[in-house]
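Engineer: Sharing a structure with you now.
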Amino acid sequence: MSKEYLLSWGKRFRAGNIAVPCRPISTLINLAGLQSIDFFSLDVEGAELQVLRTFDWAVPVKVFCIELDRGPAFDSEVRSLLSMHGYLETKAFKLGGNAVFIHGSLNGTLISRMRYCQQLLVEKRPGKCAGGLVHAAHSKIPA
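In the UniProt record's numbering, the protein residues as written are 1 to 143.
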């Protein structure tokens, strides 16, 4: 948790301190034996940059969803770090204070397939979404 977050929110909810063992995210990913990650959601109350700085970039991640709501300077550092590792921010989806980053090596139809899945979710037909999003062979999915 960032110092700013603790100062802002900690006073409201403080009931004492609890010691929690922590490890860098790269250690946790390696302990889990992950060779690749499809979707990585990161919301750690202002410590997103700290976590990303410990990331093992040798483990490919297709899509990151990261909370960015600490201000332009902080958000710019996160964007810069991800850009350095080949990620592109997509403005295709509004997810509150979250930003979505897609690795540049992904199939060019990913954005259109994600829009298609989003529409299916709105229509409450999520069952058809998995095949369209997971399998690149389904390139006939409308944009």
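Cβ atoms here follow ideal geometry from the backbone N, Cα and C, with glycine treated the same way.
(1) Pairs of beta-carbons, one from the stretch 89-108 and one from the stretch 64-71, closer than 8 angstroms: are there three or more?
(2) Just reading off the beta strand (DSSP E) that residue 44 is part of, what are its end residues?
(3) Along the beta strand (DSSP E) that carries residue 99, what are the first and last residues, could you check?
(4) DSSP three-state call for residue 55: helix, strand or coil?
(5) What is the rounded straight-line gap between the Cα of residue 40 and the Cα of residue 115?
(6) Where does residue 27 fall in DSSP's three states?
(7) Per the contact definition of three or more C-beta pairs closer than 8 angstroms, is the stretch 52-59 in contact with the stretch 24-38?
(8) Which one of 78, 72, 109, 19 has the shortest CA to CA distance from residue 54?
(9) Can you tell me whether residue 49 is buried or exposed, with buried defined as 16 or more other CB within 10 angstroms of its CB?
(10) Please tell me whether residue 102 and residue 81 are closer than 8 angstroms, where the distance is taken between their beta carbons.
(11) According to DSSP, is residue 73 part of a helix, a strand, or is it coil?
(12) Under three-state DSSP, which class holds residue 88?
Structural biologist: This is what the structure gives:
(1) These segments touch.
(2) Here residue 44 corresponds to residue number 44 of the sequence shown, with the count starting at 1. Taken as a continuous stretch (DSSP letters only), residue 44 belongs to no beta strand (DSSP E), as it is neither H nor E.
(3) In the sequence shown, residue 99 corresponds to position 99, counting from 1. For residue 99, the enclosing beta strand (DSSP E) stretches over residues 98-103.
(4) Translated into positions along the sequence shown, residue 55 becomes position 55. Coil.
(5) On the sequence shown, position 40 is the one that residue 40 refers to. On the sequence shown, position 115 is the one that residue 115 refers to. If I take the Cα positions, the gap works out to 19 angstroms.
(6) Working through the sequence shown from its first residue, we reach residue 27 at position 27. DSSP, reduced to helix, strand and coil, places residue 27 within a helical segment of the structure shown.
(7) Yes, since at least three Cβ pairs between the stretch 24-38 and the stretch 52-59 fall closer than 8 angstroms, the two stretches touch.
(8) Numbered from 1 along the sequence shown, position 54 holds the residue referred to as residue 54. Residue 78 holds the alpha-carbon nearest to the alpha-carbon of residue 54 among 78, 72, 109, 19.
(9) Counting from one through the sequence shown, the residue named residue 49 turns up at place 49. By the neighbour-count criterion, in which 16 or more other beta carbons inside 10 Å mark a residue as buried, residue 49 falls on the buried side.
(10) Your numbering for residue 102 matches position 102 in the sequence shown. Your numbering for residue 81 matches position 81 in the sequence shown. Their beta carbons are not under 8 angstroms apart, which means residue 102 does not touch residue 81 by this criterion.
(11) On the sequence shown, position 73 is the one that residue 73 refers to. Helix, per DSSP.
(12) The residue given as residue 88 occupies position 88 in the sequence shown. The answer is strand: DSSP assigns residue 88 an E or B state.
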